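For the sequence shown, the numbering used here assigns the number 222 to the last residue and increments by one with no breaks.
Let me begin by presenting the structure, written as structure tokens, before commenting on it.
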Amino acid sequence: MRSRQAARRIADSAGISPGDTVLEVGTGLGALTRELCGRGARIISVERNGRLYGEASASLHCEGLELRRGDGFAVEDGFDVFVSNLPYSQSRRAVEWLVQRDFARGIVTVQKEFAAKLMEADPRRRRAIGVLAGHCFEMRVLFPVARSCFDPPPRVDSVVVELAKRRTIPGGVVRAVNGIFSYRRKTMRGIMKQFGREGGPGRLDDLSGDEIVGVAAEIAR
Ligand SMILES: C[S@@+](CC[C@H](N)C(=O)[O-])C[C@H]1O[C@@H](n2cnc3c(N)ncnc32)[C@H](O)[C@@H]1O
């Protein structure tokens with residue numbers, strides 16, 4: 002990201018306390034990483050691109066910072082705070098991974114439309130990813146980030162979203178929620194039949210998000 006001010010604002014909103022472990026996925030050239038430094042936290046920042054990892058390693062030096070090369074979603078270390086300005090193609094993967102991890106708070110920059118999907122309240126427009134996120138996080142949009150803050154400027158609008166963790170669910174339940182939504186036009190009886198289970202009356206749209214996760218947990222059992 003090109004704007005130091007925007008990176009600072011994102012880092013400030015992460016509410017990092019001394020002693021926290023912060024996981025950043027996507028170091029890039031370290032615009033955000035630099036702002037996470039100096040807050041007394043241990044910072045694990047992961048970049049999968051070898052060239053960017055090399056450049057960041059050569060230029061970023063701060064106490065408590067550990068730069069790693071690889072897939073940030075393969076990290077097994079525990080963390081308190083998650084921070085990421087991810088490529089938007091990975092937003093869904095990030096949320097599906099985060100619902101399975103135990104941590105306190107996430108600050109993610111996402112496409113404005115993706116944030117709307119996460120927070121969609123209308124059951125007819127709801128997606129699997131919104132049901133998962135709504136079950137596992139308390140969410141709010143913190144602020145928009147102007148296109149000019151990025152280099153190159155994206156063709157879409159971006160917002161910073163806070164994800165405060167409420168619950169953690171296993172991967173099997175994530176897969177089952179996605180599976181249920183692939184049959185969303187069927188009745189509940191029809192959906193459950195796809196998974197070899199007996200279903201009750203009504204349709205998916207009649208269920209709350211938490212009830213859908215409950216059904217998914219039953220399927221995953
Ligand atoms: C939009 S850039 C943000 C870079 C920097 N954090 C900033 O704010 O300027 C996203 C970065 O994430 C990296 N990335 C994408 N997927 C990743 C993954 N699964 N694990 C680690 N890094 C990833 C990309 O290579 C890219 O450098």
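Ideal Cβ placement from N, Cα and C applies to all residues, glycine included.
Keep in mind it's a predicted model, so treat the numbers as computed, not measured.
Pick from the options: whose alpha carbon is nearest that of residue i?
{"i": "Pro231", "options": "Gly39, Ala134, Val109, His136", "result": "Because residue 231 is not part of the residues shown, which for the chain are 2 to 222, the question remains open."}
{"i": "Arg89", "options": "Arg49, Thr28, Gly173, Glu114", "result": "Checking the displayed sequence, the identity of residue 89 turns out to be Tyr instead of Arg. Here the closest residue by C-alpha is Glu114."}
{"i": "Cys63", "options": "Gly215, Gly55, Ile45", "result": "Ile45"}
{"i": "Ala217", "options": "Pro202, Pro171, Asp21", "result": "Pro171"}
{"i": "Thr28", "options": "Thr22, Ser209, Leu133, Asp72", "result": "Asp72"}
{"i": "Leu208", "options": "Pro154, Arg176, Arg10, Ala122", "result": "Ala122"}
{"i": "Asp266", "options": "Lys166, Gly41, Glu77, Glu139", "result": "There is simply no residue 266 to check, as the chain begins at 2 and stops at 222 in what is shown."}
{"i": "Val76", "options": "Arg49, Ala59, Ala15", "result": "Arg49"}
{"i": "Val100", "options": "Arg43, Lys166, Gly51, Met140", "result": "Lys166"}
{"i": "Asp211", "options": "Ala134, Arg10, Asp78", "result": "Ala134"}
{"i": "Gly16", "options": "Arg198, Glu199, Glu163", "result": "Glu163"}
With a threshold of 7 Å on Cβ separation, who are the neighbours of residue i within its own chain once the five nearest residues in sequence on each side are excluded?
{"i": "Arg168", "result": "His136, Cys137"}
{"i": "Leu61", "result": "Gly31, Thr34, Arg35, Leu68"}
{"i": "Ser4", "result": "Cys150"}
{"i": "Glu56", "result": "Leu30"}
{"i": "Arg204", "result": "Thr188, Met189"}
{"i": "Pro155", "result": "Arg148"}
{"i": "Arg1", "result": "Because residue 1 is not part of the residues shown, which for the chain are 2 to 222, the question remains open."}
Is DSSP giving residue i helix, strand or coil here?
{"i": "Val175", "result": "helix"}
{"i": "Leu205", "result": "helix"}
{"i": "Val214", "result": "helix"}
{"i": "Phe144", "result": "strand"}
{"i": "Glu219", "result": "helix"}
{"i": "Ser159", "result": "strand"}
{"i": "Phe196", "result": "coil"}
{"i": "Phe151", "result": "coil"}
Looking only at its own chain, which residues have a Cβ that is under 8 Å from the Cβ of residue i, when we skip the five neighbours before and after it?
{"i": "Gly173", "result": "Ala221"}
{"i": "Arg125", "result": "Asp206"}
{"i": "Lys118", "result": "Arg128, Ile130, Gly131"}
{"i": "Ala95", "result": "Val26, Phe74, Ser85, Leu87, Val109"}
{"i": "Ala12", "result": "Leu33, Glu36, Leu37, Arg40, Val84"}
CB-CB under 6 Å to residue i, same chain, minus the five flanking residues each way: which ones, in chain order?
{"i": "Val160", "result": "Lys113, Ala116, Val142, Pro145"}
{"i": "Arg93", "result": "Ile130"}
inquiry  = For the stretch 170-183 against the stretch 102-110, do three or more pairs of beta-carbon atoms, one drawn from each stretch, fall closer than 8 Å, so that the two count as touching?
reply    = Touching, no, given that fewer than three Cβ pairs across the two stretches are closer than 8 Å.
task = Report the residue ranges of all beta strand (DSSP E) runs contained in full by the stretch 12-90; include only those spanning at least 3 residues, in chain order.
result = As far as the stretch 12-90 is concerned, its whole beta strand (DSSP E) runs of at least 3 residues are 22-26, 43-48, 66-70, 82-85.
request  = Please go through the stretch 93-133 and give each complete alpha helix (DSSP H) segment of 4 or more residues, from N-terminal end onward.
outcome  = Unbroken alpha helix (DSSP H) stretches of 4 residues or longer found wholly inside the stretch 93-133: 113-119, given in chain order.
ask   = Are the stretch 69-89 and the stretch 35-53 in contact at 8 Å, needing three or more beta carbon pairs?
value = Touching, yes, given that three or more Cβ pairs across the two stretches are closer than 8 Å.
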